[in-house]
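*Asks:* Let me give you the structure first, and then I'll get to my questions.
2 protein chains.
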Amino acid sequence: MITRDSLNPNLLRAQYAVRGPIVLRAQALEEQGRHIIYCNIGNPQALKQKPLSYIRQMLALLEYPELMSHSQTVQLFPEDIVVRAKEILKRHPHGTGAYTQSPGIPFIREAVAEFIRRRDGIPANKDTIILTDGASKGAQSVILALLKNRNDGFMIPIPQYPLYSATIDLQGGKQIGYYLDEQGRWQLNRDILTQSIMKAKREEINPVGIVVINPGNPTGAVLTRDNIVMVVEFAQEHALGIIADEVYQENVYDRQSHFFSFAKVMHEMKVRDVPLFSLHSISKGFLGECGHRGGYIEFRNLPDDVMAEFVKLQSISLCANVTGQISTYMMVAPPKPGDQSYETYIRERDAVLGDLKAKAETLGRGINQISGMSLDVPQGAMYAFVRFQLPPGRDVDVSSMTPAERREYEAKRDSDYCLALLEETGICVVPGSGFGQEPGTLHFRTTFLPPKDEIEEMVKQLKNFHEHYVRELAEV
Amino acid sequence: MITRDSLNPNLLRAQYAVRGPIVLRAQALEEQGRHIIYCNIGNPQALKQKPLSYIRQMLALLEYPELMSHSQTVQLFPEDIVVRAKEILKRHPHGTGAYTQSPGIPFIREAVAEFIRRRDGIPANKDTIILTDGASKGAQSVILALLKNRNDGFMIPIPQYPLYSATIDLQGGKQIGYYLDEQGRWQLNRDILTQSIMKAKREEINPVGIVVINPGNPTGAVLTRDNIVMVVEFAQEHALGIIADEVYQENVYDRQSHFFSFAKVMHEMKVRDVPLFSLHSISKGFLGECGHRGGYIEFRNLPDDVMAEFVKLQSISLCANVTGQISTYMMVAPPKPGDQSYETYIRERDAVLGDLKAKAETLGRGINQISGMSLDVPQGAMYAFVRFQLPPGRDVDVSSMTPAERREYEAKRDSDYCLALLEETGICVVPGSGFGQEPGTLHFRTTFLPPKDEIEEMVKQLKNFHEHYVRELAEV
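Quick note, the sequences are listed as chains V and E, same order.
So for the first sequence, the numbering used here puts the first residue at 348; every next one is plus one.
So for the second sequence, the numbering used here puts the first residue at 348; every next one is plus one.
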């Protein structure tokens, strides 16, 4: 009989807070009839964001091409979508139901390369692009491939998206946390990076890569070009590969901020010896097509035989799902001016992005008015990493704790807080300890995806809850 | 700079012959304008098998629900499909674009449980079912979870589907091959299993599980109920979990053969202490929806806390793609008698299965008439594992070789053969060494998926090629 103790210890070790116990509790409450506001995960279409019409029209035609042979149906689809659906079936006659080449349908990889050329003004090649089932699968592949020895590790931000810590644990590698600079709008800081890598080396950990999430999850920060240059130089100095998680590249709301890809900056710096793994996805941006699990990795500065190993790795799972591949194609090659669907596309796109920007501001302003809570208004992505303060626990002396004890104590504090918030208000957020935070600080991550009126209501409830919770804690 | 030597050695070790060098060569020839008959992979829709209408109609409606608000479109869809599409959206209002619960949409898991109850007459529970991106991902999860120590291993058939060997290598476990009994219609043989596990134990390998593929890939064999009972008893005796790869359960052509699930047999044996991981998929059967990457694992005889670890593992990749989940739903809950789409469903289903049966016989009979080639006419699945003979190599004494040298020598022989077959005829098959074979035997695996007239032509070409190849080899 298998018991928990007979399982792979790497699996037992891995934690994924975004879907952890608080979320399970929320689902249980919901089954009992409670209204839950799910702010735990970047899942826009679960929070009433509408899919963009042009993508869904294309998928409907490709799933059931017979629709194109009836004159009455065709009238319901924009002409350019029908024309393109026919073109796709001509270039890929197997449709959505057959395995594709392992790295993905060739003309789609070419379209991704063209998207990168257009976005960044740099060369790109379809043969160094692999289409994936969402960006998560891409990140998992890179981490699996680069961990050679048991003491190899990846530098990951604190706070980070727990996909990274979980995957490193699953593959038996070492996490090398580096703090993001909360006082410096969550940018990366070279001194902190250096301290972190030196500490790892003293512990005989061998760093092989660094993960950077830009725009940031959970921080909502957008990295400046200078900050990216610094990271590339740091990676070069220490012979690290860079995993650039750029899935929020379309989600930049702040007027002063601009998305720079690592590929572009590295190309402009003429750096050719730092391996780069850039991730993108259809799940975020303005599409929010999480359920379709589409995305890609672009590889740079790798020898061909290393690239071949990544293709082989992908082949063991055969290929990414084809509907996700098609959705990725539509993401990188949307309707053009003059197409019948162009205006709808632009209107829908701008509505989603405008709405997100307004909600980021509403949430940010509202929370900053709550005494004992603060955050930078998110510049991008879909999240706010809210700092909150609680009165010190009675009879608790954190200064006498070991670092591990203190981490555990503070993790319990923010988890208890988030659980109480859920029970009292139905608002489901994730404790900061699930992403990592500096000792002595407490946070939670919330998305700003719910409809605007719910966000306003949420800010009010947060305020009442927080005041009440702090008062109770002080009275205990 | 990363080189091949700096990669994870487990990745370098993993091989996946079904998409190996011969397939890459076939793609290159195709790009030069050659007509290639792809018999290397079970990918029916790439070989002109049509998708079943009811599945695609459902996917089209769910991708673009607006179709249901136009009276003229609705006339193009069977009434029951439209009604069910509306029901699905009522039970799952997020549609295809949102992440679902990690193990999958609850009502779909319930439908899978009901499918198992109906198929086998045994209890089943939605909470021990996880929807996956095809069966491959399910197998990968189980292998990752059960490999605790470096000397842990899985028993896998020889010949086997290389997903298993590749995944075990990737996760750093040990392969424990057991030969299938070619003289005994490729059933499992207890003596061989015992010899194999004893040998592994002598080599200090700790067996944790056994993989069984039924109906067989690449063998096309269907296991008898007695054979399954034997395997369960063997697993019980040696405290092994069973991975039952049952993705070809609908593909049984032989009148004397019948598919028995491990779940049913184990339930009837009242065995409650052997962990069972049953895999199913939408890619095979009569759907052939490989591109949609849908499937499920059903878990039996696991404690709840172990089951929870599998759910956590799934959560790290968020969830299976929703289109694949919906397709799985339609597979386990097809149209019923009385539904408008029922007759079309039955007609399309029977056409696919009848066609596969006829092609299995045509290929089997044809090949058995070639001097120097033989096979059992496949009872099920989509493959024939064809045995062929070559004259002994000049100046080669296999008896003086080590086992590893001999394996390498024979692998080169069957690879050279398959490559020459490809170059001369455009027929793409996979060498037997990619699946494993007994020393002194040579095989190739071919699907019988091409259209019937192509199969007849293929048999003729195989005959000519083989005679020619043997003659040339004898003359060298």
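From the three backbone atoms N, C-alpha and C, an ideal C-beta is built for every residue, glycine too.
It should be emphasised that the depicted structure is a prediction, and the values quoted were computed from it without experimental measurement.
Touching or not, the region 602 to 622 of chain V and the region 381 to 388 of chain E, by the rule of three or more beta carbon pairs under 8 Å?
*Replies:* No: the two stretches stay apart, fewer than three of their Cβ pairs being nearer than 8 Å.
*Asks:* Thinking C-alpha only, which one of Gly389/V, Gly481/V, Gln687/V is nearest glycine 727/V?
*Replies:* The shortest C-alpha separation from glycine 727/V is found at Gly389/V.
*Asks:* Tell whether a beta-carbon distance below 8 Å holds between threonine 514/E and phenylalanine 646/E.
*Replies:* No.
*Asks:* At a cut-off of 7 Å, is glutamine 422/V close to the ligand ATP when judged by its beta-carbon and the heavy atoms of the ligand?
*Replies:* This structure lacks the ligand ATP; in fact it carries no ligand of any kind.
*Asks:* Could you give the first and the last residue of the continuous alpha helix (DSSP H) run that contains alanine 547/V?
*Replies:* Note, alanine 547/V: alpha helix (DSSP H), 537 to 549.
*Asks:* In terms of DSSP beta bridges, what is lysine 521/V paired with?
*Replies:* In DSSP, lysine 521/V forms a bridge with Gly500/V.
*Asks:* Whose C-alpha, out of Gly632/E, Ile428/E, Arg360/E, is nearest the C-alpha of proline 391/E?
*Replies:* It is Gly632/E.
*Asks:* To be precise: take each residue of the region 389 to 412 of chain V, compare its Cβ to all Cβ atoms of chain E, and keep it if any distance is under 7 Å. Which residues remain?
*Replies:* Of all residues in the region 389 to 412 of chain V, Asn390, Gln392, Ala393, Pro398, Arg403, Gln404, Leu406, Ala407, Glu410, Tyr411 have a Cβ within less than 7 Å of some Cβ in chain E.
*Asks:* Could you please give the first and the last residue of the uninterrupted alpha helix (DSSP H) stretch that includes phenylalanine 791/V?
*Replies:* That residue, phenylalanine 791/V, is in no alpha helix (DSSP H); its beta strand (DSSP E) goes 789 to 794.
*Asks:* Any beta carbon from chain E within less than 8 Å of tyrosine 363/V's own beta carbon?
*Replies:* Chain E contact via Cβ: present.
*Asks:* Would you verify that the beta carbon of aspartate 592/V is, or is not, closer than 8 Å to some beta carbon of chain E?
*Replies:* Not one chain E Cβ lies under 8 Å of aspartate 592/V.
*Asks:* Relative to the alpha-carbon of alanine 680/V, which residue among Lys433/V, Ile463/V, Cys765/V, Gly468/V has its alpha-carbon at the smallest distance?
*Replies:* Among Lys433/V, Ile463/V, Cys765/V, Gly468/V, the Cα nearest to that of alanine 680/V is on Ile463/V.
*Asks:* Given a limit of 7 Å on CB to CB distance, which residues of the region 660 to 690 of chain V reach chain E?
*Replies:* If the cut-off is 7 Å between Cβ atoms, the region 660 to 690 of chain V has Leu660, Ser662, Ile663, Ser664, Leu665, Asn668, Val669, Thr670, Gly671 near chain E.
*Asks:* Does the beta carbon of threonine 794/E sit closer than 8 Å to a beta carbon anywhere in chain V?
*Replies:* It does not; no Cβ of chain V falls within 8 Å.
*Asks:* Buried or exposed: where does methionine 729/V fall if 16 or more other Cβ atoms within 10 Å of its Cβ makes it buried?
*Replies:* When all chains shown are included, methionine 729/V counts as buried.
*Asks:* List the endpoints of the continuous alpha helix (DSSP H) containing asparagine 574/V.
*Replies:* It spans 572 to 584 - the alpha helix (DSSP H) in which asparagine 574/V sits, taken as one unbroken run.
*Asks:* Looking at C-alpha atoms only, which residue of Gln534/E, Ala610/E, Glu410/E is the closest neighbour of isoleucine 435/E?
*Replies:* That would be Glu410/E, whose Cα lies nearest to the Cα of isoleucine 435/E.
*Asks:* Among Gly787/E, Leu769/E, Glu457/E, Thr566/E, which has the Cα closest to the Cα of tyrosine 756/E?
*Replies:* For the residues Gly787/E, Leu769/E, Glu457/E, Thr566/E, the minimum Cα distance to tyrosine 756/E belongs to Gly787/E.
*Asks:* Residues in its own chain within less than 7 Å of tyrosine 825/V by CB, not counting five upstream and five downstream?
*Replies:* The displayed coordinates of chain V run from 348 to 823. Any statement about residue 825/V would go beyond what the structure contains.
*Asks:* So, under 8 Å CB-CB, arginine 572/V and valine 599/V are touching, yes? Tell me the CB distance rounded to an integer number of Å.
*Replies:* Wrong, their Cβ atoms sit about 13 Å apart, outside the cutoff.
*Asks:* In terms of alpha-carbon separation, which member of Ser483/V, Lys433/V, His441/V lies closest to leucine 660/E?
*Replies:* It is Ser483/V.
*Asks:* Quick one: any contact between the region 420 to 433 of chain V and the region 648 to 655 of chain V, if contact means 3 or more CB pairs under 8 Å?
*Replies:* The region 420 to 433 of chain V, when compared against the region 648 to 655 of chain V, does not touch it at the 8 Å Cβ threshold.
*Asks:* Which one or two residues does DSSP pair with alanine 591/E in a beta bridge?
*Replies:* Answer is Val559/E, Ser625/E, bridged to alanine 591/E.
*Asks:* Look at the Cβ atom of threonine 479/V, then the Cβ atom of alanine 667/V, and state whether they are nearer than 8 Å.
*Replies:* Result yes, Cβ atoms of threonine 479/V and alanine 667/V sit closer than 8 Å.
*Asks:* Along the chain, where does the beta strand (DSSP E) containing tyrosine 401/V start, and where does it finish?
*Replies:* It is not in any beta strand (DSSP E) - tyrosine 401/V instead sits in the alpha helix (DSSP H) that spans 400 to 410.
*Asks:* Straight-line CA distance for proline 778/V to valine 618/V?
*Replies:* The alpha-carbon atoms of proline 778/V and valine 618/V are separated by roughly 38 Å.
*Asks:* Touch check for the region 697 to 713 of chain V and the region 485 to 499 of chain V: three-plus C-beta pairs under 8 Å?
*Replies:* Cβ pair count under 8 Å is below three, so no.
*Asks:* Would a check of beta-carbon distances place arginine 351/V closer than 8 Å to chain E?
*Replies:* Yes, because at least one Cβ of chain E sits closer than 8 Å to the Cβ of arginine 351/V.
*Asks:* Would you please verify whether the beta carbon of glutamate 822/V is less than 8 Å from any beta carbon of chain E?
*Replies:* No, glutamate 822/V does not count as interfacial toward chain E.
*Asks:* Does the distance from the C-beta atom of isoleucine 629/V to that of glycine 671/V stay below 8 Å?
*Replies:* In this structure, glycine 671/V lies closer than 8 Å to isoleucine 629/V by Cβ.
*Asks:* Please decide whether aspartate 652/E counts as near chain V, where near means a Cβ-Cβ distance under 8 Å.
*Replies:* Yes - at least one Cβ of chain V is within 8 Å of the one on aspartate 652/E.
*Asks:* Where do the N-terminal and C-terminal ends of the alpha helix (DSSP H) with glutamate 645/V fall, by residue?
*Replies:* Run containing glutamate 645/V: none in the alpha helix (DSSP H); it sits in the beta strand (DSSP E), 642 to 647.
*Asks:* Does the distance from the CB of isoleucine 714/V to the CB of leucine 722/V come in under 8 Å?
*Replies:* Contact: yes.
*Asks:* Please name the residue, chosen from Pro412/V, Ala610/V, Glu426/V, that lies closest to alanine 471/V on a Cα-to-Cα basis.
*Replies:* The shortest C-alpha separation from alanine 471/V is found at Ala610/V.
*Asks:* Give me whichever residues DSSP pairs with serine 488/E in a beta bridge.
*Replies:* Its beta-bridge partners do not exist; DSSP assigns none.
*Asks:* Taking only beta carbons into account, state which residues of the region 459 to 489 of chain E come closer than 8 Å to chain V, listed in chain order.
*Replies:* Listed by position along the chain: Asp480, Gly481, Ser483, Lys484, Gln487.
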